[in-house]
Each structure stands twice: as C-alpha cells, then as structure tokens.
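Here the protein sequences come in this chain order: V and F. Here the numbering used here runs 10 ahead of the position in the first sequence, where the first position is 1. Here the numbering used here runs 552 ahead of the position in the second sequence, where the first position is 1. From the three backbone atoms N, C-alpha and C, an ideal C-beta is built for every residue, glycine too. As structure tokens, the structure follows; a few thoughts come after it.
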Amino acid sequence: MKDHDNVELSPEFRQALDDAPRMATPSHRLERRMVRELRRRGLLLPDRWAVRQHPAWDFALRVAVSLVIFACGVWLGHSLGSSQPSDMPVAGNASAWEMAALVQQTGSNHAEALRRLASRAATADPAEIELAREVALASLRAALLQVALLDLSDPTPIRLLTELEATGTGSPVPVRAGNEAWLVLF
Amino acid sequence: MRNGALSARADHELIDALRDERSEAVFRELHRRHTPRLLRLIMRMLGSADGDAEDLVQETWIRAVEKLSSFRGEAQFGTWLTRVGIRMTLDYLREGKRAHLPMGQAAEPMSCKPTHDERMDLEQVFACLPNGYRTVLLLHDLEGFTHAEIGEMLGIPEGTSKSRLNAARKLAQVLFDGGTPSEAEHALTDNVRRIL
Chain V
11 MKDHDNVELS PEFRQALDDA PRMATPSHRL ERRMVRELRR RGLLLPDRWA VRQHPAWDFA
71 LRVAVSLVIF ACGVWLGHSL GSSQPSDMPV AGNASAWEMA ALVQQTGSNH AEALRRLASR
131 AATADPAEIE LAREVALASL RAALLQVALL DLSDPTPIRL LTELEATGTG SPVPVRAGNE
191 AWLVLF
Chain F
553 MRNGALSARA DHELIDALRD ERSEAVFREL HRRHTPRLLR LIMRMLGSAD GDAEDLVQET
613 WIRAVEKLSS FRGEAQFGTW LTRVGIRMTL DYLREGKRAH LPMGQAAEPM SCKPTHDERM
673 DLEQVFACLP NGYRTVLLLH DLEGFTHAEI GEMLGIPEGT SKSRLNAARK LAQVLFDGGT
733 PSEAEHALTD NVRRIL
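Dropping the structure here:
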C-alpha cells in the first residue's frame with residue numbers, strides 16, 4: 011500500500027505511468043551465459059532436458075540425424091537386397107562404388123519415407139506414430155551397427171549407439187578395449 | 553521434471569526444486585518468468601537501455617541463486633528477486649561513474665535529449681531524472697513499494713524517501729509537459745526549497 015504523498019501528478023502523467031510497459035525482452039545470449047556462469051560456479055547441474063539444449067549436444071543431434079538418414083539407407087538397402095536379389099548388386103559381386111551408390115539411393119528413399127511420416131505426425135494416431143518411431147529407431151540401431159563395422163576406429167557411431175543404449179532403447183553396443191573396438195552382441 | 557510440466561508449477565515449487573536439485577531446466581523456467589520485469593526495472597534505474605542492464609540482471613540472478621537458502625517465502629519470489637536486483641543496481645550506481653545524487657544538491661547534468669514544446673516520452677523523462685530521484689519515483693509510483701520499504705532498500709530515512717518522491721514528481725511533471733531540463737531544475741530548486 012502506498013503512503014500519502016504531497017505532490018500530485020497530472021492525470022495524463024499518471025495515465026502514462028499506469029500504461030508504461032513493465033517487461034523488457036532479454037537477449038537469448040543472456041540466458042545462455044547465465045546458465046553457463048551458474049554451472050561454472052556449481053550452482054546448477056545439467057539435467058536431461060538442459061543437456062539437449064546445449065549447443066554441443068545440439069550439434070551432436072544434427073550429426074545423429076544426418077547419420078540416421080544415411081545409415082537407415084544402408085539398412086533398407088540390405089533388406090531390399092535380401093528380398094529382391096535379382097534387382098540389387100550383392101556384396102559378393104558388386105564393387106564398393108556400386109554398394110555406395112545403392113546406399114545413397116536407398117538412403118534417399120528412406121529419408122523421404124521418414125519425411126512423409128513426420129509430416130503426418132501431428133494428425134496421425136499417436137499409437138501408430140509411436141510404432142513407426144520404434145521401427146525407425148530399430149533401423150537406426152541396425153544402421154549404426156553397420157556403420158560402426160565399416161570403420162571401428164570411428165568413435166561417432168559408437169558414441170551414438172551408446173547414447174541409444176543410455177536412453178533405454180537397448181542395442182548391441184561396441185565397446186573399446188585399448189586400441190581395439192569390439193561389438194558386444196546381446 | 554519436463555519442460556511442459558515446469559510451466560504449470562508455482563514459483564515456490566520451482567524454488568524448492570532449484571534449491572534441492574540445482575536443476576538447470578527449473579532455473580530456465582524461473583528466468584523466463586521473472587527476468588523481463590527485472591530487466592525493464594534495471595534499464596529504467598540506469599536511465600537508458602544500457603547494455604549494463606543485462607550484466608546487472610545476470611549478477612542479480614547469480615546472487616539470488618547463491619542466497620536462495622535465505623529466501624523463506626514470506627514475500628513473493630518476484631518481489632524478493634526485484635529487491636536483490638534493486639540493491640545490485642544501487643551498488644552499481646553508487647560505485648560507478650553514475651554517482652548517486654544526494655538530496656538538496658543541484659541535479660546532475662542531464663544526458664537526456666529534450667524535445668522543446670513537445671510532451672516528452674515517459675522513458676525520456678525517466679532518463680532525464682537524476683539517479684536519486686529516478687530511483688524513488690520508479691520504486692514508488694511504478695513498482696508500488698512503500699516509503700518504508702524504499703528507505704530500507706536505499707538506506708535512507710522514510711521522510712527522505714518522501715521528500716525525494718515529491719521532488720522527483722515535480723521535476724518529472726515539468727519534463728513530461730515539455731519543459732526543458734533547465735526549467736525542470738529551476739522547478740526542482742523551488743520545490744526543494746518548499747519541502748525542506
């Protein structure tokens with residue numbers, strides 16, 4: 011409650027005070043640097059949601075999405091190759107270049123299918139979308155596994171598989187021992 | 553706690569979560585709720601849209617999170633945070649080049665841009681006021697603090713807060729009506745003479 015005051019303001023000035031905005035929009039940079047400083051001082055701990063907002067994790071997520079599109083193509087190509095052997099080059103008689111072209115082609119088809127699926131996510135039955143998501147994740151795991159086998163010294167697919175494992179989706183996880191990498195199949 | 557759920561939580565629940573879990577997501581939610589108002593007040597206290605305002609907001613939040621254990625919930629969290637911000641800003645004004653203006657002295661040179669014969673924008677009026685007067689006017693007439701509360705925050709007697717408010721209103725009214733800073737200073741001098 012305000013106290014009694016001697017000097018009165020004009021109605022116009024009083025109205026201007028009443029109408030004055032009480033809020034200002036802070037820059038996005040402010041929130042980021044505050045969080046960074048509070049974490050540095052040990053006053054905040056990262057949590058799962060926050061970790062996903064971190065620029066480094068944002069970058070990792072983008073990399074993961076790119077790998078998903080690419081790796082799912084590998085998996086799809088493999089599946090199609092198994093079901094239609096006459097239409098697809100097989101490892102035994104196809105060159106690496108042909109296989110890479112196949113990965114590119116099937117990857118594009120797979121990515122397009124996922125894009126269409128995502129565009130309908132808002133209106134489709136949530137249960138169906140969840141099922142589709144599970145299938146996509148299974149594809150991702152299978153594809154990541156093959157990418158890891160392509161080059162066992164590449165830490166990226168191994169890290170992504172570990173992330174998938176950490177989220178509880180379960181997957182075969184390659185583990186490192188010294189300079190060698192091993193795939194642990196469950 | 554998921555972000556969607558956080559927005560539905562009351563401040564006191566978030567404060568408890570921040571104190572117990574030091575959750576980053578909880579802090580972000582509190583920041584979104586309270587920073588816009590805090591930032592506006594500090595910008596006005598500084599007399600401009602100074603970039604220093606965001607630095608002070610950051611320092612305010614850091615101090616508030618550090619001292620969160622001392623927040624007992626007697627006041628609204630927003631009010632408590634505002635008090636922390638006001639104290640930080642006053643310290644900045646006292647220690648920085650924007651020296652605090654003691655009552656009874658001539659107004660400091662005004663860095664505002666007056667528009668002769670035209671009604672001045674409210675933000676310009678605030679910017680033209682000397683720090684000591686601007687602070688009391690903002691806290692009393694805009695933020696709704698009592699003279700007792702203002703006196704406690706500024707470390708001045710309650711009567712001094714009232715005197716400063718009267719002087720600030722007089723000066724602000726002259727500026728708002730299109731008076732020049734020198735006319736406002738003259739009116740302020742008359743007003744001070746009448747009050748004291």
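Query: Applying the criterion that 16 or more other CB atoms from any shown protein chain within 10 Å of the CB defines a buried residue, is P21(V) buried or exposed?; Result: exposed
Query: Using only alpha-carbon positions, find the residue among L723(F), I702(F), D693(F) and E573(F) that is nearest to A26(V).; Result: D693(F)
Query: Taking DSSP's pairing of strands, which residues face S575(F) in a bridge?; Result: L55(V)
Query: Counting pairs of Cβ atoms below 8 Å between the stretch 719–733 of chain F and the stretch 680–696 of chain F, do you hit three or more?; Result: yes
Query: Output the residue ranges of the alpha helix (DSSP H) runs that lie fully inside the stretch 23–50 of chain V and measure 4 residues or longer, sorted by chain position.; Result: 38–50
Query: How many Å lie between H564(F) and G625(F) at the Cα?; Result: 7 Å
Query: Using a cut-off of 8 Å between C-beta atoms, extract the partners of L53(V) located in chain F.; Result: R574, I614, V617 and E618
Query: Given that a residue counts as buried once 16 or more other Cβ atoms are within 10 Å of its Cβ, and exposed if not, what is H38(V)?; Result: exposed
Query: What's the gap between the Cα of V78(V) and the Cα of D164(V)?; Result: 16 Å
Query: Is the distance from the Cβ of G630(F) to the Cβ of T612(F) below 8 Å?; Result: no
Query: Would you tell me roughly how many angstroms separate the C-alpha atoms of L566(F) and R589(F), rounded to the nearest one?; Result: 18 Å
Query: Within a Cβ cutoff of 8 Å, which residues of the same chain sit near E591(F), ignoring the five residues on either side of it in sequence?; Result: Contrary to the premise, residue 591(F) reads as Leu rather than Glu in this sequence. Contacts found: A605, E606 and V609.
Query: Report buried or exposed for N16(V), applying the criterion of at least 16 other Cβ atoms within 10 angstroms of its Cβ.; Result: exposed
Query: Does the structure place the stretch 137–154 of chain V close enough to the stretch 82–91 of chain V that three or more beta carbon pairs sit under 8 Å?; Result: yes
Query: Quick one: measure Cβ to Cβ for T634(F) and L593(F), integer angstroms, because I've assumed they're closer than 8 Å.; Result: 7 Å
Query: When we look at the beta-carbon of G731(F) and count the other beta-carbons within 10 Å, is it buried (16 or more) or exposed?; Result: buried
Query: Residues of chain V with CB under 9 Å from R585(F), in chain order?; Result: What R585(F) touches in chain V: nothing, since even the nearest Cβ is about 11 Å away.
Query: What is the rounded straight-line gap between the Cα of W107(V) and the Cα of Q115(V)?; Result: 12 Å
Query: Please report whether the beta-carbon of L633(F) lies at a distance below 8 Å from any beta-carbon of chain V.; Result: no
Query: For Q156(V), collect the residues of the same chain with a Cβ closer than 6 Å to its Cβ; drop the 5 residues on either side in sequence, then sort them by chain order.; Result: V84
Query: So for K619(F), helix, strand or coil by DSSP?; Result: coil
Query: Restricting to Cα atoms, I'd like to know which of E581(F), L598(F), M597(F) and E576(F) is closest to L53(V).; Result: E576(F)
Query: Out of H586(F), R580(F) and R585(F), which has the shortest C-alpha to C-alpha gap to M44(V)?; Result: R580(F)
Query: Is S129(V) helix, strand or coil when you go by DSSP?; Result: helix
Query: At a CB distance below 9 Å, what residues from the stretch 116–148 of chain V approach chain F? Give them in sequence order.; Result: none
Query: Residue range of the alpha helix (DSSP H) that Q676(F) falls in?; Result: L674 to C680
Query: Can you tell which of A74(V), R50(V) and P31(V) has the C-alpha that lies nearest to the C-alpha of P167(V)?; Result: A74(V)
Query: Rounded to a whole number of angstroms, what is the C-alpha to C-alpha distance between L55(V) and A70(V)?; Result: 20 Å
Query: Between R686(F) and chain V, is any beta-carbon pair separated by less than 8 Å?; Result: no
Query: Can you pull the chain F residues whose beta carbon is under 8 Å from the beta carbon of S163(V), in chain order?; Result: Chain F residues near S163(V): none, gap ~34 Å exceeds 8 Å.
Query: With 16 as the cutoff for other CB atoms within 10 Å, does M640(F) come out buried or exposed?; Result: buried
Query: Flag V17(V) as yes if its beta-carbon sits less than 8 Å from any beta-carbon of chain F, otherwise no.; Result: yes
Query: Below 8 Å on C-beta distance, what does M595(F) contact in chain V?; Result: A34
Query: Return yes when the Cβ of L706(F) is within less than 8 Å of the Cβ of L642(F), no when it is not.; Result: yes
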